[in-house]
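Note that the sequence shown ends on residue 916 in my numbering; no numbers are left out. We put the beta carbon where it would ideally sit given N, CA and C, even for glycine. Computed from a prediction, not measured in an experiment: that's the story for all the values here.
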Amino acid sequence: MSTNAPRGIALPMAPRTPAEYIPGQQEAPVALTSLADMLKWAQNYARSRSIWPLGYGLACCAIEMMAAGQSHYDMARFGSEVFRSSPRQADLMIVAGTVSTKMGPRLVRLWEQMADPKWVISMGQCATSGGEFYDSYYTVQGVDTIVPVDVYVPGCPPRPEALIEGLLKLREKIEKQGLKIKGEE
Ligand code: SF4
732 MSTNAPRGIA LPMAPRTPAE YIPGQQEAPV ALTSLADMLK WAQNYARSRS IWPLGYGLAC
792 CAIEMMAAGQ SHYDMARFGS EVFRSSPRQA DLMIVAGTVS TKMGPRLVRL WEQMADPKWV
852 ISMGQCATSG GEFYDSYYTV QGVDTIVPVD VYVPGCPPRP EALIEGLLKL REKIEKQGLK
912 IKGEE
């Protein structure tokens, strides 16, 4: 059968009754969407491909975070090599290291100064749960007790590959979020 359809565009097959179906043969898939969904997809896609982290390291985990930004691991492949010196220019706080109780309020202040939408990765056991300083009087027992955490990266220290995996998980999460940003009604 010859058609005048442009090459590469599959024509939908004529509707058939259930009795006419051959196993494995279905109509061409059809995707339905709305303008709002397309805008949401485009916005989240752009955001997820240009996450700029705050240049903020607290302890030994920060060395691995720095390694992830260097040429061997090359976080630039995922659009996140631009570590910003100001929280006002950053989307992502990577809590890389032990959070002392003295540093806690400063960490919260930096997080508050970041513009929405913003995200937090807890890198390493110390940031996630206190780690080897568990139950100590001078360490915050999990940074999620003071700021909301989006992704946890386990390890002591996590290798740069693990941090990059965390970044890719965050990318997936951003792709699925809605149009509204945190704090909007
Ligand atoms: S998790 Fe391990 S490597 Fe990371 S800051 Fe704590 S002690 Fe250091």
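CA-CA distance, GLY828 to THR764, rounds to 43 Å.
DSSP, reduced to helix, strand and coil, places TRP783 outside both helices and strands of the structure shown, so it counts as coil. Nearest C-alpha to LYS900 among ARG780, MET769, MET834, LEU785: ARG780. With fewer than 16 other Cβ atoms from the protein chains shown falling within 10 Å of its own Cβ, LEU766 counts as exposed.
Contact check for ILE782 and SER817: beta-carbon distance about 16 Å, past the 8 Å limit, so the pair fails to qualify. Between the alpha carbons of GLN820 and LEU838 lies a distance of about 16 Å. Here ARG815 is bridged, per DSSP, to LEU785. Residues PRO818 of the same chain have their beta carbon placed closer than 6 Å to that of LEU841, with the five preceding and five following residues left out of the count. Per DSSP, reduced to three states, the secondary structure at VAL874 is helical. GLN844 and ALA893 have their C-alpha atoms some 27 Å from each other. By the Cβ neighbour-count rule, LEU898 is buried, with 16 or more other Cβ atoms within 10 Å of its own. Per DSSP, the continuous alpha helix (DSSP H) segment holding LEU838 begins and ends at 835–844. Per the C-alpha coordinates, the member of PRO885, SER853, GLY886 positioned closest to VAL871 is SER853. When DSSP states are grouped into helix, strand and coil, LEU763 belongs to the coil group.
For TYR883, the secondary structure class from DSSP, reduced to helix, strand or coil, is strand. As the crow flies, the alpha-carbon of VAL830 is around 31 Å from that of ALA777. Distances from the CB of ALA777 to the heavy atoms of ligand 1 are all 7 Å or more.
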